[in-house]
Structures are given as C-alpha cells and as structure tokens.
Amino acid sequence: MPQGNSHNSSVGRGGKNFDPKYASKGGPGHGGSNNAGSKSPGHRGYRADEGAPKKQRWNADERAARSNERPSSERPAYGSRSVRPENGGRTNSERNERPAYNNDRPRTDRPAYNNDRPARTERPSYGDRNSAPRTERPSYGDRAPRTDRPAYNNDRPARTERPSYGDRAPRTDRPAYNNDRPARTERPSYGDRAPRTDRPAYNNDRPARTERPSYGDRAPRSFDDRAPRSFDDRAPRRSNDDRPPRRDFGSDRPSDGDSKFYPKRSENGAKPTFAGGDDVVLERLEAIATTASDVVGVTFGDLGLGENIVRELAALGAPSPFPIQAATIPDVLAGRDVLGRGKTGSGKTIAFGAPLVEKLMENNGAKDRKMARKPRALILAPTRELALQIDRTVQPIARSVGLFTTQIYGGVPQYRQVSALQRGVDIIIGTAGRIEDLIDQGRLDLSEVVVTVLDEADYMCDLGFLEPVQRILRQTKAGGQKLLFSATLDKGVASLVKEFLTNPAVHEVAGEDQASSTIDHRVLVIEHRDKGRIIEELVNREGKTLIFSRTRAYAEQLADQLEDAGVKATSLHGDLNQARRTRNLQMLTSGRVNVLVATDVAARGIHVDDIDLVIQADAPDEYKTYLHRAGRTGRAGKTGTVVTLIPKQRKRRMDELLDRAEIDASYTSATPGDAAVRELANI
DNA sequence: AAAAAAG
Numbered sequence: 001m002p003q004g005n006s007h008n009s010s011v012g013r014g015g016k017n018f019d020p021k022y023a024s025k026g027g028p029g030h031g032g033s034n035n036a037g038s039k040s041p042g043h044r045g046y047r048a049d050e051g052a053p054k055k056q057r058w059n060a061d062e063r064a065a066r067s068n069e070r071p072s073s074e075r076p077a078y079g080s081r082s083v084r085p086e087n088g089g090r091t092n093s094e095r096n097e098r099p100a101y102n103n104d105r106p107r108t109d110r111p112a113y114n115n116d117r118p119a120r121t122e123r124p125s126y127g128d129r130n131s132a133p134r135t136e137r138p139s140y141g142d143r144a145p146r147t148d149r150p151a152y153n154n155d156r157p158a159r160t161e162r163p164s165y166g167d168r169a170p171r172t173d174r175p176a177y178n179n180d181r182p183a184r185t186e187r188p189s190y191g192d193r194a195p196r197t198d199r200p201a202y203n204n205d206r207p208a209r210t211e212r213p214s215y216g217d218r219a220p221r222s223f224d225d226r227a228p229r230s231f232d233d234r235a236p237r238r239s240n241d242d243r244p245p246r247r248d249f250g251s252d253r254p255s256d257g258d259s260k261f262y263p264k265r266s267e268n269g270a271k272p273t274f275a276g277g278d279d280v281v282l283e284r285l286e287a288i289a290t291t292a293s294d295v296v297g298v299t300f301g302d303l304g305l306g307e308n309i310v311r312e313l314a315a316l317g318a319p320s321p322f323p324i325q326a327a328t329i330p331d332v333l334a335g336r337d338v339l340g341r342g343k344t345g346s347g348k349t350i351a352f353g354a355p356l357v358e359k360l361m362e363n364n365g366a367k368d369r370k371m372a373r374k375p376r377a378l379i380l381a382p383t384r385e386l387a388l389q390i391d392r393t394v395q396p397i398a399r400s401v402g403l404f405t406t407q408i409y410g411g412v413p414q415y416r417q418v419s420a421l422q423r424g425v426d427i428i429i430g431t432a433g434r435i436e437d438l439i440d441q442g443r444l445d446l447s448e449v450v451v452t453v454l455d456e457a458d459y460m461c462d463l464g465f466l467e468p469v470q471r472i473l474r475q476t477k478a479g480g481q482k483l484l485f486s487a488t489l490d491k492g493v494a495s496l497v498k499e500f501l502t503n504p505a506v507h508e509v510a511g512e513d514q515a516s517s518t519i520d521h522r523v524l525v526i527e528h529r530d531k532g533r534i535i536e537e538l539v540n541r542e543g544k545t546l547i548f549s550r551t552r553a554y555a556e557q558l559a560d561q562l563e564d565a566g567v568k569a570t571s572l573h574g575d576l577n578q579a580r581r582t583r584n585l586q587m588l589t590s591g592r593v594n595v596l597v598a599t600d601v602a603a604r605g606i607h608v609d610d611i612d613l614v615i616q617a618d619a620p621d622e623y624k625t626y627l628h629r630a631g632r633t634g635r636a637g638k639t640g641t642v643v644t645l646i647p648k649q650r651k652r653r654m655d656e657l658l659d660r661a662e663i664d665a666s667y668t669s670a671t672p673g674d675a676a677v678r679e680l681a682n683i
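In the UniProt record's numbering, the protein residues as written are 1 to 683.
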C-alpha cells in the first residue's frame, strides 16, 4: 500500500522524513516544495505520473548560480588545508557543507570522476519521481559537477511516465533490478577484492596451519573433547569444570534460551554489561572448534548445499569449504541459531550467506516471485561499505537459485531501494539506520524475515548500535533463525543472545590466533610533533598502506598533508558523502592511490587486496579494534605489517592492549629520518 | 570518537 502512506501511523514516526518545517521553507528555488506538504514525498516516488508533473527542481539559472557560488563561497572557506576549521566548529545542521570539506582536495581531478560515474545518471530518476526529496539535491551537488545536470533535464520530461526506470533497463519485470546494481559492471573488479583472490590464498596459508605448534598442544581435541578454548585464555577465569562437554552444546540444552554460556540476567537481576567505550575484556564464548584438518575432503555439497549454489561458490573462488564454513553451514541449514567466530576474511560471509540462500530456496523461495513479496532474510552490517561488500558475495549466490537481494543503507537516495522492495526481494543486506527509516515509512516490512544475520555482531552490540539492532530484530518474525558472526565474538553479544536466540550452536576456527598470524606488529614510540613527518616517511613506498586515525578530521587532514607531500592519498570517513566514500575506497582497491587514511569505519570487514602496511596514527582504545584494524593486512597469505605510533606516555596502555590482544610487538623509539623508520618503509 | 537516517 504504497499510497496510504500519508495517513498511516508511519507518519507519526516517519514524519522525520518529511518535516513540514523544511517543506514550508523549501529551499530557494525549490519549486516543488510548496505543495510537497500535500503529498507524502515517498509515495510520489512511485507514482510520479499522478501528481505534480512538476519536476524541475533546479532550473538552469539556479544551477549556474550554484555552481558559481560553490567555489567562491564554500571553497575558500575551507580552502586552505592547513587552516581548515576543524570539525569542532561544525554542527549537525551544517552537515550539508561537509562535503565542502572534501571539495578542496580532489577538486583538481574532479573532472575525471564524472566520466566514470555511471551512477550519476540515475540520480535524476530519483528526483523526478520524488519531488520532495529533491530538497536534498543540493547536498549531492557538491560532489557532483553540476555540469552534467542539464542533461537530466532534457530527458526528464519523458520520465513522467516512468521510463526513467525503463530507460535504464527493460522494465520487463526483474531486469529492472539491474538498476540497482550499477556496480555490476564493476563486478569483475569486485571479484578480486572479495572472495576470489583471497580464497586461494587462504588455502595457501592453511597447510601451514596444520603444522602450527600452537595448535599442536591443543591438538588432541578431536572435536569431541571440549573445544579448544584457545579463546579463553584471555578470559579472567574459566570455570571449565562444571561446563558441559562442548559436544552437547545445544543438542541437549533446553531450548528456552537458557544458555550456560552467558550471564543469566535472572540470576542476579543485573543486566550483562557491555564494553561501551572501555576496553572491557569480555569472556570469549566457548565454542566448538573446527580445524583445517577436520574439513579436508569435505565439499559444499556434503554440507548440504545444492548444486547451483555449489557451482556459484566455485565461480566465486570457493571450490571447497573453509573451516568456519564447514562448521556453521550444517547448523544453519538445520535451522539452528548460530554464533560463528572466524577471523575476517576466513570465509564468514559465505559461511552464513550460502546456507541462508539454500534455506530460503528450500522454503518455496524460488517459485514465489510475486511482486512485493516480503523479504525473508536480513543481513545487518555496521557500515555501508561492509553491507555492500557482503552483497557482492551473497547476491550472486542468491541469483544462482533465482532469489534476489537488495541493499538498504543510508547516504544514497532511497528510491531505488524502495522500488526494489516493491518488486519484491528475498534478502535484504544493509545498515540499521536506513532499515529503520524505511520501516518507519511503512515501506519495509520485516515480519516475514525468518533468517537474520548480524555480521560483526559484537560491534553491533556496542553502545549506539545495540538499541537499533534490537528494535530491528524485534520486527523480524518471532522465532526466526538468528546468525551472529564476528572475528571477535565475545560475550558482549549476550543480551542479544538472551532475547533473540534459542539454543545457539557456537563455532570457531581453531588456530586463528595471533601466533599463527602473518602479521608483524611494531610500535613506534615517537614525539607527538613528529607524527606527521614519520607517517610521510613510512608511506613513501610501493605497497598499499591503510592509515587509521581516531577522528574524521584528522583522517582528512592527514590525507591532505600526504597529498601536499606528493603522495597519492585519499580518505575514508563519515564526513564524506556516500558516493565519495565508495569512490575513495575504490581508489585504493584499484590502486589509483596507494594510501588511504580512514577512521574506524574501515576497521571491520573491509577487504582490499594487498594492503601490506597498516599504520595506526592513533592507537586504538580497544584491543578488538586493534585486531580488526590489523586484520586489513596480512591477508591472502601475504605478510603484512602493522605500525602503531604512540607517544611514550602511552606505552603502558599499549602494553595492556597488546597483552589482551595476545600480540607480541616490538617497540622502537623513532624520530623522523631514523633508520628504524626507513627500514619499515622498505618492508 | 565513530558508526548508523535525514535534515
């Protein structure tokens, strides 16, 4: 009932999407906003032909004015990098200007961008059908060369009858789908960063695992004995004795969610506590550990996946299952709730994605292609980039059996996402904010979601994420299957487990500890004032470098500084608009730049091939953050180095953090020009 | 502090 929107209750909450105060003000030149109040902005998105044929939001003059004013007024403001007012001065309401912040740098190469920005053409289609959102346009504008705009106007008239859609893809039925996958053309390129190339690589480093000593000592664990709790050593205490044998975990457990592995809320009335900002060390969950040798000779087919899926997995570069996959797939197929821990890149996406698709298909999925069918699976990720990356893996698997996925995340026009929902999708992959937004607008109904996946589940339980995640999970079908995955899965997920999971099976992969890592960890003790120069020296090399900073402003500043120093660098953080975020990440992936300075938005899950150096310009506060950041390198069987820069006062904290992360790192004092720095640069 | 919805 896309039309009923303006009357239903969603307006109460969804009102945030259409705030009269904005409509009445309407930005100057926003012709359509006057009457926008009479219609729900969103539903016009579907039926542009019904109401206001009025489409032009920006006439030529306005555009011209805008494009002129930009360089002159906004640019200069932030223009000089060194003087750039920091974020501190900015408030949320100034967000729109944010991009201006970015404007300065890439400006020069901007033109080039236009060419390869196919997505651009889609933008208008959003607008023309949805006049209200038009008001957002300006914000897009800053990233885009207004110049290409005019073209839109030209073909826009024709759009009234919806062709915009059609012009992009045959509206037949499904093909339209291709629309929301502009990325498709780039697909090949995805391959290399996702499963494809790293897959084989992992195989390479797997053999090594078998001879891994650290394992050896635990070796006997034939899977029967209680799982190797390689993970627990970190736990303050482990009362193993009364613990039931791992094997039974679940099978004989009352299915009332009474897990012995989580603090019981009812026991003392206290809620489990969470990490929050502190580096609280939570006990790791006990799990059944699977080792590489356990899965030798096992095929995806053996695990219960159908032919099409198996074939697609092979095409994706996954001919045979990795341990985490072999461990979790059968349980997922059996319908159990699953907690899975496997280091990033160890194949978690396929571990939940493939069986999820198989399950949906079994449940009549493929034949039920009716329009507007409700989604039956949901995959939640903490960042948009990660959601995108997951979709790149899951989508082809789903398509191989005739199921459809769509991405639902913020920062991009919602139109295409909503229209995909209208056509009907089976699997939703996205981030919390937009998902809630669409639910509030009455455009997304999760009531038929029978399988929900939380990737980076522990992170999703952090302050700020937990509540939205809980609200979303409550929207899904009661009793639906829940799958929680993370490289650092710990008891921080207890509250979710308590409320939403039943008798979960917990799996981990043995041997994925730091001792087995191919990463070299270094700590450089420096004077704070030398930080910039030392980073410049470290980055002066061939390979790809990922630099983490604590704040967005510093990420931006550092990227600017490096560029000024002649290094091709770019940034990735939440102050950038989504198009730029996507593009900047792509720039590192494609090798157009060798240095990316990012906030922790890039800490988890993001896979870029061949990053051989990770620099932590600011040390992380949490050991898990360290592990995730470090995990961006040392992938694909290659070696990687993590360099953390700290002032000497931070040594002690760093020691503790490394201790918790179970990492051995060497400390070196360094000043600019030191041999120690040069040596690192020559990795 | 960052992330996640817009505005």
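The beta-carbon is built from N, C-alpha and C at its ideal position, and this holds for glycine as well.
Classify residue i as helix, strand or coil using the three-state DSSP reduction.
| i | result |
| --- | --- |
| S320 | coil |
| V298 | coil |
| N395 | Going by the sequence as given, residue 395 is Gln instead of Asn. Looking at Q395 - three-state DSSP - the assignment turns out to be helix. |
| V449 | coil |
| T570 | strand |
| S125 | At S125 the pLDDT is 33, less than 50, meaning the model places this residue with poor confidence; the figure from the coordinates comes in the next sentence. Here S125 sits in helix by DSSP. |
| V677 | helix |
| D664 | coil |
| T551 | coil |
| V601 | helix |
In chain order, what residues of the same chain lie with their CB nearer than 8 Å to the CB of residue i, ignoring the 5 residues before and after it?
| i | result |
| --- | --- |
| L438 | I408, Q414, Q417, V418, L421, L444 |
| G410 | R384, T431, G433, R434, D437, Q578 |
| V298 | S320, P321, A326 |
| A681 | E537, L538, V539, N540, R541 |
| E362 | none |
If I follow the unbroken beta strand (DSSP E) through residue i, where does it start and stop?
| i | result |
| --- | --- |
| A351 | Run containing A351: none in the beta strand (DSSP E); it sits in the alpha helix (DSSP H), 348–362. |
| D659 | Looking at the DSSP string, D659 is not in any beta strand (DSSP E); the run it does join, the alpha helix (DSSP H), is 651–661. |
| I615 | 611–616 |
| Q407 | 405–408 |
| D520 | 519–525 |
| I288 | 288–290 |
| E283 | Looking at the DSSP string, E283 is not in any beta strand (DSSP E), and its letter there is neither H nor E. |
| V338 | 338–341 |
| E622 | It is not in any beta strand (DSSP E) - E622 carries neither H nor E in the DSSP assignment. |
State the Cα-Cα distance for the pair residue i and residue j, rounded to the nearest angstrom.
| i | j | result |
| --- | --- | --- |
| G442 | D337 | 28 Å |
| S495 | V567 | 46 Å |
| T290 | V401 | 29 Å |
| H521 | T633 | 11 Å |
| L562 | G304 | 51 Å |
| D426 | G480 | 15 Å |
| G565 | R604 | Correcting the residue identity first, residue 565 is Ala in this sequence and not Gly. In a straight line, the C-alpha of A565 is about 29 Å away from that of R604. |
| S666 | P647 | 15 Å |
| V525 | F485 | 35 Å |
| D391 | E536 | 35 Å |
| R483 | T393 | The amino acid at residue 483 is misidentified as Arg; the sequence shows Leu. The alpha-carbon atoms of L483 and T393 are separated by roughly 17 Å. |
| G673 | L489 | 40 Å |
| I611 | K370 | 44 Å |
| A292 | Q557 | 44 Å |
Terminal residues of the continuous alpha helix (DSSP H) containing residue i?
| i | result |
| --- | --- |
| G433 | 432–440 |
| I606 | It is not in any alpha helix (DSSP H) - I606 carries neither H nor E in the DSSP assignment. |
| K531 | 531–539 |
| F500 | 494–500 |
| I646 | Unbroken run through I646 is the beta strand (DSSP E), 640–646; no alpha helix (DSSP H). |
| V469 | 466–475 |
Hey, residue i and residue j are a contact pair by Cβ (cut 8 Å); roughly how many whole angstroms apart?
| i | j | result |
| --- | --- | --- |
| A617 | I547 | 5 Å |
| V642 | I534 | Going by Cβ atoms, the distance from V642 to I534 rounds to 15 Å, so no, they are not a contact pair. |
| A670 | V506 | Contact flag wrong, Cβ pair sits at about 42 Å. |
| V597 | A553 | That pair is no contact at about 11 Å. |
| C461 | G492 | 5 Å |
| Y623 | R660 | 4 Å |
What does a CB cutoff of less than 6 Å around residue i pick up in its chain, not counting 5 residues either side in sequence?
| i | result |
| --- | --- |
| L378 | I428, V449, T452 |
| T639 | T518 |
| A398 | V357, T405, I427 |
| V412 | Q578 |
| F300 | V310, L313, P321 |
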